[in-house]
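**Student:** Line order of the protein sequences matches chains R and W. Positions in the first sequence are counted from 1; adding 3 to them yields our numbering. Positions in the second sequence are counted from 1; adding 492 to them yields our numbering.
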Amino acid sequence: MAKDMTLLWGSGSPPCWRVQIALEEKNLQGYNQKLLSFEKGEHKSKEVLEINPRGQLPAFKHGKIILNESYAACLYLENQFKSQGTQLIPEGAAEVGLMYQLIFEAQPLAQKIGEVLYYNWKVPEGERHDSAVQRNKEALKEEMKIWEGHLQGCGDFLVGKSFSLADVIIFPVFAYFIRNGGSEERYPNVAAYYKKLRDRPSIKKTWPPTWIDGPGMGTLKDI
Amino acid sequence: MAAKSMTLLWGSGSCPCWRAMIALEEKNLQGYNHKLLSFDKMEHKSQQVLDINPRGQLPTFKHGDTLVNESYAICLYLESHFKSQGNQLIPDGPEEQALMYQRMFEGLTFYEKLGSVIYYDWYVPEGERHDSALKRNKDGLVVELGLWEGYLSKQGSGSFLAGKSFSLADVVVFPTVAFLFRFGLSAGRYPKLEEYYALLKDRPSIKASWPPHWLEGPEEELLLKDI
């Protein structure tokens, strides 16, 4: 099964990391994989474009099936391999509802982090405004407060008592935030959640290799 | 009856709200309680909404004690909870299922690119707007439209986004397509999208949930007519 799977990925990319965590949790170790470099532009190489015309990672193949969206790959893996590995979708209406809601709330979370981190990369010089930079920082602060609220009174996981797709999808984003200087003092619930899960086998095993060498940029330290 | 224990707060002319309403219809959950709120009057930021959704966004949805915000979450929740009633929205076969999920999530990018053009003035304060930025956003939307024309060409006429059956991919993406034409997209330039739009616009679930203010008259500014 895993032998029919191939993952093209880049280090430090939350979307790629999600798929790697899901594969581990579903006991699909042994899949073929290739680490590509964003810095060298390898995500725009012919090899990737043939699987993903958007030139984005992750690009995932299972036999003839192609999945280039991390959420799609995670949902597909859970549905197709429901009975093996960790059950990633909880029983119970309320928990299912919360899980789905949180994974979609992760979209604005990731987006707002990107708006701050990549402002100069995304916005050409003539269009930049201090007011926009300020606004993006404020928006990210508000977003992080929402997540502090979500994690208030939570056990070890985002939803209920078990590890779920919510953790698969969202843990990498929190790790990314902290990696880029996000404050553990200002966001203690996020920090506590991060510390509880970072040693989970599926997460430890797939920790971005480029993060092991040392701390990242502190770009988000003032958030 | 399940629908009677459901409440949807929504606004007219909102793709996310429309998605949830299509899903409710497809799962035979007509008769749900609902309240139409006005974006213009900022009712989405009212206490009533903030109490259920601290983000002050619509749709918000309650099923008994279960609260679900986020349109895609509502759709996935409904399909999971009511799998055996109404139309099956997630295919079982691996290939079709994978394609469905893939298109569903590409639908988020599609909606984002649409919004970057039609909601440009809503998102960007006056002092920060640039013609160059709007042009870039329009170019990005054109590239995105090219991808979807391609996807629909590959599927063949009369087909839905993920194959022979209507699925969650259509539930979440059709509203985006309807918005494109509402805002003046040229059917001549995007024939496959036009065909898809024509295929679905009279589907009962879609017709029943059509944005009410669209029935009153055309859009004032056809922001997409030149792309």
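Glycine is no exception: its CB is placed at the ideal position from the N, C-alpha and C atoms.
(1) For Leu78 of chain R, which residues in chain W fall below 7 Å Cβ to Cβ?
(2) Mind the definition here: the stretch 162-174 of chain R touches the stretch 87-95 of chain R only if three or more C-beta pairs lie below 8 Å; say whether that holds.
(3) Quick one: what does DSSP say Asn35 of chain R is sitting in, helix, strand or coil?
(4) Just tell me which of W:Gly619, W:Phe671, W:Ala661 has its CA closest to the CA of Leu633 of chain W.
(5) Under three-state DSSP, which class holds Asn229 of chain R?
(6) For a test of the three-state rule: what should DSSP assign to Phe166 of chain R, helix, strand or coil?
(7) Does the beta-carbon of Trp12 of chain R have 16 or more other beta-carbons within 10 angstroms, so that it is buried, or is it exposed?
(8) Could you say if the stretch 50-62 of chain R and the stretch 577-588 of chain W meet the contact criterion of at least three C-beta pairs nearer than 8 Å?
(9) Closer than 8 Å, CB to CB, is Gly548 of chain W near chain R or not?
(10) So for Met493 of chain W, helix, strand or coil by DSSP?
(11) Assuming Pro583 of chain W and Ala654 of chain W are in contact, meaning their beta carbons sit under 8 Å apart, how far apart are those beta carbons, in whole angstroms?
(12) Express the C-alpha separation of Gly503 of chain W and Leu105 of chain R in angstroms, rounding to a whole number.
(13) Which partner residues does Trp502 of chain W have in the DSSP bridge list?
(14) At 8 Å on the CB atoms, spell out the chain W contacts of Leu70 of chain R, in chain order.
(15) My output table needs one value for Asn561 of chain W: the three-state DSSP class, helix, strand or coil.
(16) If we require 4 or more residues per run, which alpha helix (DSSP H) segments fall completely within the stretch 37-62 of chain R?
(17) Around the Cβ of Gln23 of chain R, are there at least 16 other Cβ atoms within 10 angstroms (buried) or fewer (exposed)?
(18) Could you run through the stretch 42-54 of chain R and flag, in chain order, every residue whose CB is less than 8 Å away from some CB of chain W?
(19) Tell me the DSSP bridge mates of Met8 of chain R?
(20) Applying the criterion that 16 or more other CB atoms from any shown protein chain within 10 Å of the CB defines a buried residue, is Val635 of chain W buried or exposed?
(21) Could you tell me the distance, in whole angstroms, from the CA atom of Ser572 of chain W to the CA atom of Pro696 of chain W?
(22) Return the first residue and the last residue of the beta strand (DSSP E) that Thr213 of chain R is part of.
**Tutor:** Based on what the coordinates show:
(1) Within chain W, the C-beta atoms nearer than 7 Å to that of Leu78 of chain R come from Tyr593, in chain order.
(2) As far as the Cβ criterion goes, the stretch 162-174 of chain R touches the stretch 87-95 of chain R, which means the pair count is three or higher.
(3) Here DSSP, grouped into helix, strand and coil, assigns Asn35 of chain R to strand.
(4) Measuring from the Cα of Leu633 of chain W, the nearest candidate turns out to be W:Phe671.
(5) Since the first residue shown for chain R is 4 and the last is 226, residue 229 of chain R is missing from the structure and cannot be characterised.
(6) For Phe166 of chain R, the secondary structure class from DSSP, reduced to helix, strand or coil, is coil.
(7) By the C-beta density criterion, Trp12 of chain R is buried, having at least 16 other C-beta atoms within 10 angstroms.
(8) The stretch 50-62 of chain R makes no contact with the stretch 577-588 of chain W; the number of CB pairs closer than 8 Å stays below 3.
(9) Cβ-Cβ to chain R under 8 Å: no for Gly548 of chain W.
(10) In this structure, Met493 of chain W counts as coil in the three-state DSSP scheme.
(11) About 7 Å separates the Cβ atoms of Pro583 of chain W and Ala654 of chain W, confirming a contact at the 8 Å cut-off.
(12) Their backbone Cα atoms lie some 22 Å apart in a straight line.
(13) Paired residues: W:Leu528.
(14) Ordered by position in chain W, the residues that pass the 8 Å Cβ test against Leu70 of chain R are Ala590, Tyr593, Gln594.
(15) In the displayed model, Asn561 of chain W falls within a strand according to three-state DSSP.
(16) Annotation note: the stretch 37-62 of chain R contains the following uninterrupted alpha helix (DSSP H) runs of length 4 or greater, listed N- to C-terminal: 49-54.
(17) With a 10 Å radius around the Cβ and a threshold of 16 neighbouring Cβ atoms, Gln23 of chain R comes out buried.
(18) So the list is empty, because no residue satisfies the distance condition.
(19) In the DSSP output, where bridge partners are listed per residue, Met8 of chain R has R:His65.
(20) With fewer than 16 Cβ atoms within 10 Å of its Cβ, Val635 of chain W is classed as exposed.
(21) Ser572 of chain W and Pro696 of chain W have their C-alpha atoms spaced approximately 22 Å apart.
(22) Annotation: Thr213 of chain R is outside any beta strand (DSSP E) and is labelled neither H nor E by DSSP.
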